[in-house]
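First residue of the sequence shown: 445, per this note's numbering; consecutive thereafter. Just so it is clear, CB atoms sit at the ideal spot from N, CA and C, and this is done for glycine as well. This structure is a prediction, so every number in the text was calculated from the model and none was measured. See structure below.
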Amino acid sequence: MATVTLNQAEKTYPNGFKAIHGIDLAIEDGEFTVLVGPSGCGKSTLLRMIAGLESISSGEISIDGKVVNKVAPADRDIAMVFQNYALYPHMNNFDNMAYGLRNRGYSKADIESKVREAARILQLEDHLDRKPRQLSGGQRQRVAMGRAIVRQPKVFLFDEPLSNLDAKLRVDMRLEIKNLQQRLGITSVYVTHDQVEAMTLADRLIVMNGGIAEQIGTPIDIYEKPATRFVAGFIGSPAMNFLDGVISDDGKHVTVGDGVMLDIDHNIAGGRAVVAGIRPEHLSIAQAGQGTINATVRMVESLGAETLVYLDFGSKADNVTLRLQGTHNFSKNDALGLTVPADKIHLFDTESGKRL
Ligand code: ATP
């Protein structure tokens with residue numbers, strides 16, 4: 445059990461590229477932290493810095509209160525689970541799980557009991573004699589997890605561990621990882637570019653963009669109050685709708701499209717240019733004649749439990765996505781009137797993208 449603390453941690457690669465810009469972070473004992481962001485935002489770099497697989501250019505990283513900048517990966521008391529499992533193909537699964545313990549000089553009896561216990565937790569007892577290639581992708585991933593668990597490390601680090609699995613298995617393994625982490629209570633840092641995985645696994649989310657932490661918070665905080673337009677667009681699926689707008693003189697409305705006035709619940713000076721953000725699930729179809737946003741259906745996707753409707757709005761043909769529960773029969777070019785409650789409109793500064 446341990447805390448992980450980053451104090452102005454930075455990484456500049458030897459070619460001069462600065463991948464991580466001054467990140468401050470305090471991960472609590474037993475907390476499940478997820479680093480999420482688009483490709484190239486620096487999440488793997490940051491995880492590898494915590495693991496000790498990448499050096500730290502400046503700042504400090506501490507595990508359990510001890511600065512580890514110069515401590516070798518093997519001496520950091522961490523265990524890492526990789527996307528490609530990194531199992532030894534010539535060893536059976538027992539030996540794969542026992543490998544780290546043997547290297548550390550554990551007794552045979554100790555190794556036997558630790559591996560058997562991990563296999564029991566992960567339901568791998570019947571597969572210990574087999575080689576990794578004789579297992580399914582999900583079982584292999586569990587062996588990789590088993591190898592991490594047996595060492596009882598202070599910190600688990602996960603680098604996109606589910607990206608090689610099919611959609612159903614990803615969901616099963618996601619639940620297993622969450623369950624396991626809660627039972628074992630081991631401080632965990634998990635990297636993913638999948639925002640559903642991020643939302644469901646995280647006690648705390650770190651949304652990264654261009655080497656900085658754009659927002660740190662609980663998944664629900666981030667969903668409800670995204671700090672920037674970038675975060676708002678990244679978290680939530682389908683993505684938030686963004687419409688350019690201007691605050692009305694009385695400050696009570698935002699004008700979007702061809703002069704459509706939407707009620708807002710903010711305190712912003714009139715005349716200011718803003719970007720209005722509306723999540724697809726917060727738009728609803730208005731009673732006849734009551735809609736404020738009049739839009740035209742471009743495409744419909746029926747998913748059974750819900751329907752996604754893609755619409756064009758205004759003469760600039762802004763794209764608007766609407767997410768409705770259940771099935772609906774709309775056709776291309778149908779005209780729909782939409783409404784949105786004032787407290788579901790997010791406003792961002794046009795220039796900085798910061799939440800207003
Ligand atoms: P992905 O989801 O695609 O794995 P990521 O968020 O994990 O992306 P990183 O792998 O951390 O991103 O890379 C962050 C940035 O650092 C990228 O722009 C990448 O090109 C750059 N980078 C990574 N490794 C090196 C290196 N050894 N030398 C120079 N630049 C690097």
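Considering only residues of the same chain and omitting the five flanking positions on each side of residue i, which have a CB-CB separation below 6 Å?
| i | result |
| --- | --- |
| Gln769 | Glu750 |
| Ile660 | Ile650 |
| Gly503 | Asn451, Gln452, Ala453, Glu454 |
Which residues bound the alpha helix (DSSP H) around residue i?
| i | result |
| --- | --- |
| Ile630 | Careful: Ile630 lies outside any alpha helix (DSSP H) and carries neither H nor E. |
| Tyr754 | Note, Tyr754: premise wrong, no alpha helix (DSSP H); beta strand (DSSP E) at 750-757. |
| Met643 | 639-645 |
| Ile668 | Reading the sequence as shown, one finds Glu at residue 668 and not Ile. Glu668 -> alpha helix (DSSP H) spans 663-668. |
| Phe792 | From DSSP, Phe792 is part of no alpha helix (DSSP H) but of the beta strand (DSSP E) over 790-793. |
| Ile678 | Reading off the sequence, residue 678 comes out as Phe, not Ile. Where Phe678 is concerned, the enclosing alpha helix (DSSP H) stretches over 673-678. |
Going by beta carbon distance, what residues of the same chain come within less than 7 Å of residue i, once the five residues before and after it are set aside?
| i | result |
| --- | --- |
| Pro517 | Ala495, Gly496, Leu497 |
| Phe757 | Gly701, Ile737, Ala739, Val764 |
| Arg540 | Inspection of the sequence shows that residue 540 is occupied by Asn rather than by Arg. Counting only Cβ-Cβ distances below 7 Å, and skipping sequence neighbours, we find Leu531, Tyr532, Pro576, Val587, Arg591. |
| Asp787 | Asp709 |
| Glu472 | Thr447 |
| Lys558 | Leu545, Val594 |
So residue i and residue j are in contact, right, with Cβ under 8 Å, and what is the actual spacing, rounded?
| i | j | result |
| --- | --- | --- |
| Val599 | Ile522 | 4 Å |
| Leu791 | His710 | 6 Å |
| Thr771 | Ser746 | 6 Å |
| Gly655 | His534 | Incorrect: roughly 39 Å between the Cβ atoms, too far for contact. |
| Leu780 | Ile729 | 6 Å |
| Lys682 | Arg767 | It should be pointed out that residue 682 corresponds to Pro in this sequence rather than to Lys. Confirmed, Cβ separation roughly 6 Å. |
For the beta strand (DSSP E) holding residue i, just list the boundary residues, first then last.
| i | result |
| --- | --- |
| Leu491 | Leu491 -> not in any beta strand (DSSP E); alpha helix (DSSP H) instead, spanning 487-495. |
| Gly460 | That residue, Gly460, is in no beta strand (DSSP E); it is neither H nor E in DSSP. |
| Arg767 | 762-769 |
| Ile394 | Since the first residue of the chain shown is 445 and the last is 800, residue 394 is not available in this structure. |
| Asp707 | 704-707 |
| Met652 | 648-653 |
| Asn738 | 737-746 |
| Leu780 | 779-783 |
| Asp688 | 685-691 |
| Thr447 | From DSSP, Thr447 is part of no beta strand (DSSP E); its letter is neither H nor E. |
| Ala720 | 717-722 |
| Val512 | First-last for Val512: undefined, no H or E at that position. |
| His697 | 697-700 |
| Leu727 | No beta strand (DSSP E) contains Leu727, which DSSP labels as neither H nor E. |
| Leu479 | 476-480 |
With a CB to CB cut of under 8 Å and the five nearest residues on each side skipped, what residues in its chain are close to residue i?
| i | result |
| --- | --- |
| Asp573 | Asn536, Asn537, Phe538 |
| Asp778 | Thr740, Val741 |
| Asn773 | none |
| Leu479 | Lys487, Leu490, Leu491, Val633, Tyr634, Val635, Thr636, Ile650, Met652 |
| Thr662 | Ala646, Asp647, Arg648, Leu649 |
| Ile712 | Ile691, Gly695, Val718, Leu791, Leu800 |
- Contained beta strand (DSSP E) runs [length at least 3] in the stretch 514-538, N- to C-terminal order: 522-526
- Three or more C-beta pairs below 8 Å linking the stretch 741-756 and the stretch 691-710: no
- Task: Scan the stretch 565-608 and note each continuous beta strand (DSSP E) run of 3 residues or more that stays entirely inside, going in chain order.
- Result: 599-603
- Message: For the stretch 503-513 against the stretch 673-684, do three or more pairs of beta-carbon atoms, one drawn from each stretch, fall closer than 8 Å, so that the two count as touching?
- Response: no
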